[in-house]
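Visitor: Sequential numbering of the sequence shown, starting at 427, is according to the numbering used here.
Backbone N, C-alpha and C fix where the C-beta goes; we use that ideal spot for every residue, glycine too.
Quantities reported herein were computed from a predicted structural model and do not represent experimental measurements.
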Amino acid sequence: MAFELPALNFSHSALADRGMSQETLELHHDKHHQAYVTALNGFVEKTADLQGKTLEEIVVATYGDPAREGIFNQAGQHWNHIHFWNALSPQGGGIPRALESRLIADFGSVDDFKAAFKAAATGQFGSGWAWLIQKPDGSLGVTKTPNGVNPLAIGEGTALLGLDVWEHSYYVDFRNRRPDYVTNFLDNLANYEFAASNLA
C-alpha cells in the first residue's frame, strides 16, 4: 500500500496570526512533503524487501546504508514531517503541567529548556532538525540531526517535539532569521500537548 501525504489538523491559514503564513504551509506541506512521499513510493515500488514494511521499519532498515541513502532521505523526511505537522498548533505555546514539571526537573527551568532547544536548532549547520527527546533512561534531552535524520533512525530516544530547520520551513516568513523562527515556534506554535502525549 502506497504512503500518502497526511492532511493537516488545521487549515493552511490557521497559523498565520502566530507567525507561519498560509504560503509557507502550502509550499511546505503541499509541495515539499508531497515530493518526499512521491519519491519514497517510487523507491519502495522498485525494492521488493521494503514492500509491506511500515514507515518506521523502512527508516530503521535504510539508515546508514550508503546504497539506500536515497530511500532513507525520503523515508526520514516523510516521518519527520508527519511529526512536525503534529508539533504545530493554532493554540500552541502552552505547556501542560506534567510536561512542565519534567522540563524543570531535567533542564532546570522552562527557559533553560527553550535556550537549549534554540541552541540546537540554530547550531545545526545547513539543513536539519532540532528535537526534544525522551532518552532511553527516561530523562528528557535536546538533540539536533542533519538533513532527514531523526532520533528514531539513530536510536537516540523517543521524539517528543521536532522542529524543521530547513530553509524552506521559514524563509517566506523569517527570511534568514532562523533564531526568530525558533523562538516563535517555541512560544507560539509548539504543540506541547502533542509532546506530552509522546512521553512514555
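1. Would you kindly check if the distance between the Cβ of alanine 556 and the Cβ of alanine 547 is under 7 Å?
2. Could you check whether the region 495-503 touches the region 514-532, counting it as contact only if at least three pairs of C-beta atoms, one from each stretch, sit closer than 8 Å?
3. In the DSSP assignment, find the unbroken alpha helix (DSSP H) run with glycine 502 in it and report its ends.
4. Let me check one thing: in DSSP terms, what residues is threonine 584 bridge-paired to?
5. Would you give the residue range spanned by the alpha helix (DSSP H) that glycine 605 belongs to?
6. Please list the terminal residues of the continuous beta strand (DSSP E) segment that includes tyrosine 566.
7. Could you check the C-alpha separation between lysine 544 and valine 536 for me, to the nearest Å?
8. From glycine 519 to leucine 587, what does the alpha carbon distance come to, in whole angstroms?
9. Quick check on the DSSP output: the alpha helix (DSSP H) that includes alanine 524 runs from which residue to which?
10. Tell me which same chain residues have a C-beta within less than 8 Å of the C-beta of leucine 467, skipping the five on either side of it?
11. Within 10 angstroms of the Cβ of threonine 480, are there 16 or more other Cβ atoms? Answer buried if so, exposed if not.
12. So, at 7 Å on beta carbons, what are the nonlocal neighbours of asparagine 617 in its own chain, with the 5 sequence-adjacent residues on each side left out?
13. Have a look at glutamate 505 and asparagine 610 and give me their C-alpha separation to the nearest angstrom.
14. What first and last residue would you give for the alpha helix (DSSP H) that runs through serine 623?
15. Using 8 Å for Cβ pairs, my map puts asparagine 624 next to threonine 571. What's the rounded Cβ distance?
16. Please state the DSSP three-state secondary structure of aspartate 491.
17. For glycine 554, which residues of its own chain have a beta-carbon under 8 Å away from its beta-carbon, when the five flanking residues on both sides are left out?
18. Using C-beta distances below 6 Å, list every residue in its chain close to asparagine 435, excluding the 5 sequence neighbours before and after it, in chain order.
Guide: Concretely, from the data shown:
1. Start at 1 with the first residue of the sequence shown, and residue 547 comes out as number 121. Start at 1 with the first residue of the sequence shown, and residue 556 comes out as number 130. In contact: alanine 547 and alanine 556 (Cβ atoms closer than 7 Å).
2. They do not touch, by the three-pair rule.
3. Stepping through the sequence shown from its first residue, residue 502 is reached at position 76. DSSP places glycine 502 in the uninterrupted alpha helix (DSSP H) bounded by 495-512.
4. Against the sequence shown, residue 584 aligns to sequence position 158. The bridge partners DSSP lists for threonine 584 are Gln560.
5. Position 179 of the sequence shown, counted from the start, is the residue given in the question as residue 605. Reading the sequence as shown, one finds proline at residue 605 and not glycine. Here the alpha helix (DSSP H) through proline 605 covers 604-610.
6. One-based indexing of the sequence shown puts residue 566 at position 140. According to the sequence displayed, residue 566 carries leucine and not tyrosine. For leucine 566, the enclosing beta strand (DSSP E) stretches over residues 566-572.
7. If you number the sequence shown from 1, residue 544 lands on position 118. If you number the sequence shown from 1, residue 536 lands on position 110. Taking the straight line joining both Cα atoms gives about 12 Å.
8. Residue mapping note: residue 519 aligns to position 93 of the sequence shown, counting from 1. Residue mapping note: residue 587 aligns to position 161 of the sequence shown, counting from 1. Answer to the nearest angstrom: the Cα atoms are 12 Å apart.
9. By one-based count along the sequence shown, residue 524 stands at place 98. 523-533 is the span of the alpha helix (DSSP H), which, as asked, contains alanine 524.
10. By 1-based counting over the sequence shown, the position of residue 467 is 41. The residue asked about is misnamed: residue 467 is asparagine in this sequence, not leucine. Apart from sequence neighbours up to five positions away, the residues of its chain that approach asparagine 467 with a beta-carbon distance below 8 Å are Ala428 and Phe429, ordered along the chain.
11. By 1-based counting over the sequence shown, the position of residue 480 is 54. Label assigned to threonine 480: exposed.
12. Position 191 of the sequence shown, counted from the start, is the residue given in the question as residue 617. Correct list, in chain order: Asn512, Ala513, Leu514, Ser515 and Gly518.
13. Stepping through the sequence shown from its first residue, residue 505 is reached at position 79. Stepping through the sequence shown from its first residue, residue 610 is reached at position 184. Here residue 505 turns out to be tryptophan, not glutamate, going by the sequence shown. Cα-Cα distance, rounded: 23 Å.
14. Counting from one through the sequence shown, the residue named residue 623 turns up at place 197. Unbroken alpha helix (DSSP H) run through serine 623: 618-623.
15. In the sequence shown, residue 624 corresponds to position 198, counting from 1. In the sequence shown, residue 571 corresponds to position 145, counting from 1. Asparagine 624 to threonine 571, Cβ: 17 Å. No contact.
16. Mapped onto the sequence shown, residue 491 falls at position 65. Correct three-state label for aspartate 491: coil.
17. For the purposes of this step, residue 554 is taken as residue 128 along the sequence shown, with counting starting at 1. Excluding residues within five positions, the ones whose Cβ falls inside 8 Å are Lys570, Thr571, Pro572, Asn573, Val575, Val591 and Trp592.
18. The residue you call residue 435 lines up with position 9 of the sequence shown. There are no such residues.
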